[in-house]
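Student: Residue numbering for the sequence shown follows my numbering, starting at 1165 and increasing by one per position. All C-beta atoms in this analysis are idealised placements derived from N, C-alpha and C, irrespective of residue type, glycine included.
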Amino acid sequence: MLKGIVLSLSAAYLVGAAAPSFAQTQSTSTPTATEKQADDLNKLVCEKQESTGSRLAKKRICLTKAQWAERRLQDRQELERVQMQRGAKGE
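Have a look at this one:
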């Protein structure tokens, strides 16, 4: 009886020790989250933007997701800069 318990515990230990190494070999073959994110940032996205002064004219602009994010960041920073300057001059 004692031999059976010891044998089953040692078998469970060996199976438990082998499982992480098996999981590691499988995870290396699939793309990681950073690789997926890099692929996602390189995806081309097209948007239609209205031309100023016309209700009908629209331009189609195609950029990668990373370029769109950079453009939005620059636009936000420029808007904040203009608002700060306007607030300083008005007082």
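Is T1228 helix, strand or coil by DSSP?
Tutor: What you label residue 1228 is simply residue 64 of the sequence shown in a count that begins at 1. Here T1228 sits in strand by DSSP.
Student: Given S1215, which residues of its chain have a CB within under 7 Å of its CB, disregarding the five upstream and five downstream residues?
Tutor: As a position in the sequence shown, residue 1215 is number 51, starting the count at 1. Closer than 7 Å at Cβ, skipping near neighbours: A1221, K1222, K1223.
Student: How big is the Cα-Cα spacing for D1239 and C1226?
Tutor: For the purposes of this step, residue 1239 is taken as the residue at position 75 of the sequence shown. For the purposes of this step, residue 1226 is taken as the residue at position 62 of the sequence shown. The alpha-carbon atoms of D1239 and C1226 are separated by roughly 17 Å.
Student: Between E1211 and L1205, what straight-line distance do the alpha-carbon atoms span, to the nearest angstrom?
Tutor: What you label residue 1211 is simply residue 47 of the sequence shown in a count that begins at 1. What you label residue 1205 is simply residue 41 of the sequence shown in a count that begins at 1. Spanning the two alpha carbons is a distance of roughly 16 Å.
Student: Unbroken alpha helix (DSSP H) runs of length 4 or more, entirely within the stretch 1207 to 1252: which are they?
Tutor: Counting whole runs of 4 or more residues, the stretch 1207 to 1252 contains no alpha helix (DSSP H) stretch at all.
Student: Taking the continuous alpha helix (DSSP H) assigned at T1198, which residues delimit it?
Tutor: By one-based count along the sequence shown, residue 1198 stands at place 34. It spans 1197 to 1205 - the alpha helix (DSSP H) in which T1198 sits, taken as one unbroken run.
Student: Taking Cβ to Cβ, would you say L1208 is nearer than 7 Å to T1228?
Tutor: What you label residue 1208 is simply residue 44 of the sequence shown in a count that begins at 1. What you label residue 1228 is simply residue 64 of the sequence shown in a count that begins at 1. It is a contact, given that the beta carbons lie within the stated cut-off.
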